[in-house]
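Structure first, commentary second.
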Amino acid sequence: NAGVTQTPKFQVLKTGQSMTLQCAQDMNHNSMYWYRQDPGMGLRLIYYSASEGTTDKGEVPNGYNVSRLNKREFSLRLESAAPSQTSVYFCASSDLVSGLRTYEQYFGPGTRLTVT
Amino acid sequence: GENVEQHPSTLSVQEGDSAVIKCTYSDSASNYFPWYKQELGKGPQLIIDIRSNVGEKKDQRIAVTLNKTAKHFSLHITETQPEDSAVYFCAASIKAAGNKLTFGGGTRVLVKP
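Chains as they are written, first to last, in this note's numbering: chain A, 87 to 202; chain B, 65 to 177.
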């Protein structure tokens with residue numbers, strides 16, 4: 087199992103450009119999340135998808151859109167990138183496992199995005 | 065919404081000593097408290113978690129304690145080793161509300177040989 091994969095690993099954008107960050111998981115999880123990580127601020131939730139077909143805003147959704155393409159894939163789109171969106175972006179997935187009742191979120195390796 | 069504060073932001077310990085990281089949370093409805101370890105260039109990885117019906121949990125050299133009344137929880141690492149050097153994050157969530165995690169700001173731990 088690859089777990090949670092993210093593409094690309096690195097990206098540099100100019101202000102106003104758009105791009106989509108891709109995330110996929112092979113653990114058959116229902117829930118998926120997008121976080122951003124900035125120095126000294128931990129990780130902050132941008133959007134999440136509790137199950138296929140649903141998405142909801144997190145703590146910092148402005149400037150982003152998401153698509154839950156299917157159970158495996160959850161993408162994050164920046165329509166018009168701004169320097170304030172320079173950050174490391176992490177995708178995660180989780181599920182309740184019957185019997186084990188685990189809530190662990192599994193994280194991908196991250197995408198380092200710079201907006202100039 | 066939930067607010068999680070984590071202290072200290074950096075911690076330097078001698079190999080073999082103990083390390084303690086403390087977190088406080090604001091929402092009394094939070095009932096799941098994981099700790100994540102993040103190594104350079106990688107995503108966070110769960111190392112231990114505790115649920116609100118438990119006061120303490122241990123896993124080898126790592127232990128977590130939870131005080132629901134005071135709304136704080138702590139990570140204890142004993143007999144630290146150089147490979148414990150990393151950034152550690154605490155988090156809190158309400159499992160019935162989609163398990164959305166609110167993270168603390170992180171603690172950079174350096175274990176000196």
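Built from N, CA and C at the ideal position, the CB exists for glycine as well. These numbers were taken from a predicted model, which means no experiment stands behind them.
- From the DSSP output, which residues share a beta bridge with N151(A)? R163(A)
- Item | Among M105(A), T91(A), Y133(A), G89(A), nearest to L165(B) - alpha-carbon criterion | Y133(A)
- Supposed close pair K135(B), S90(B) - CB separation, criterion 8 Å: 7 Å
- Closer than 7 Å, CB to CB, is K101(B) near chain A or not? no
- Task: For Y96(B), decide whether its Cβ has a neighbour in chain A, counting only Cβ atoms nearer than 7 Å.
- Result: yes
- Query: Are three or more beta carbon pairs between the stretch 69-89 of chain B and the stretch 139-148 of chain B nearer than 8 Å?
  - Reply: yes
- Exposed unless 16 or more other CB atoms sit within 10 angstroms - verdict on Q102(B): Answer is buried; the Cβ neighbour count reaches 16.
- For Q97(A), which residues from the same chain have a beta carbon less than 7 Å from its beta carbon, with the 5 sequence-adjacent residues on both sides left out? M105, T197, L199
- Curious, which full-length alpha helix (DSSP H) runs of at least 4 residues does the stretch 132-172 of chain B contain? none
- Query: So what does DSSP say about P169(A), is it helix, strand or coil?
  - Reply: helix
- Message: Residues of the stretch 106-123 of chain A in Cβ contact with chain B at a cutoff of 7 Å, in chain order, please.
- Response: S117
- Task: Note down, in chain order, each residue of its chain lying with its Cβ closer than 7 Å to the Cβ of L110(B), except the 5 sequence neighbours on either side.
- Result: Taken in chain order, the residues that qualify are P98, Y100.
- Between P195(A) and K106(B), which are expected to be in contact by the criterion C-beta below 8 Å, what is the C-beta distance as a whole number of angstroms? 6 Å
- Item | Test: S180(A) CB closer than 7 Å to a CB of chain C | No chain C appears in the structure shown, which is made up of the protein chains A and B.
- Got a sec: which bits of the stretch 131-142 of chain A sit with their beta carbon under 8 Å from any beta carbon on chain B, in order along the chain? L131, Y134, A136, D142
- Task: Using a threshold of 7 Å, state whether the C-beta atoms of R122(A) and S170(A) are closer than that.
- Result: Against a cut-off of 7 Å, the Cβ pair of S170(A) and R122(A) comes out as no contact.
- Rank N87(A), R130(A), G139(A) by C-alpha distance to the C-alpha of E145(A) and give the top, closest one. R130(A)
- Task: Taking only beta carbons into account, state which residues of the stretch 72-88 of chain B come closer than 8 Å to chain A, listed in chain order.
- Result: For chain A, the residues of the stretch 72-88 of chain B that bring a beta carbon within less than 8 Å of one of its beta carbons are S73, in chain order.
- Message: Taking 8 Å as the limit between beta carbons, can you name the residues of its chain near N163(B), skipping five residues before and five after?
- Response: Y96, S157
- Considering only the beta carbon of each residue, do S166(A) and G89(A) sit closer than 7 Å? no
- Any beta-carbon of chain B closer than 7 Å to the one on E190(A)? With a threshold of 7 Å between beta carbons, E190(A) makes contact with chain B.
- Item | Residue from N87(A), L164(A), S180(A) with nearest C-alpha to P147(A) | L164(A)
- Task: Just mark S94(B) as buried or exposed, buried being the case when its beta carbon has 16 or more other beta carbons within 10 Å.
- Result: buried
- Query: Closest to T140(A) by CA distance: which of G128(A), K100(A), S153(A) is it?
  - Reply: S153(A)
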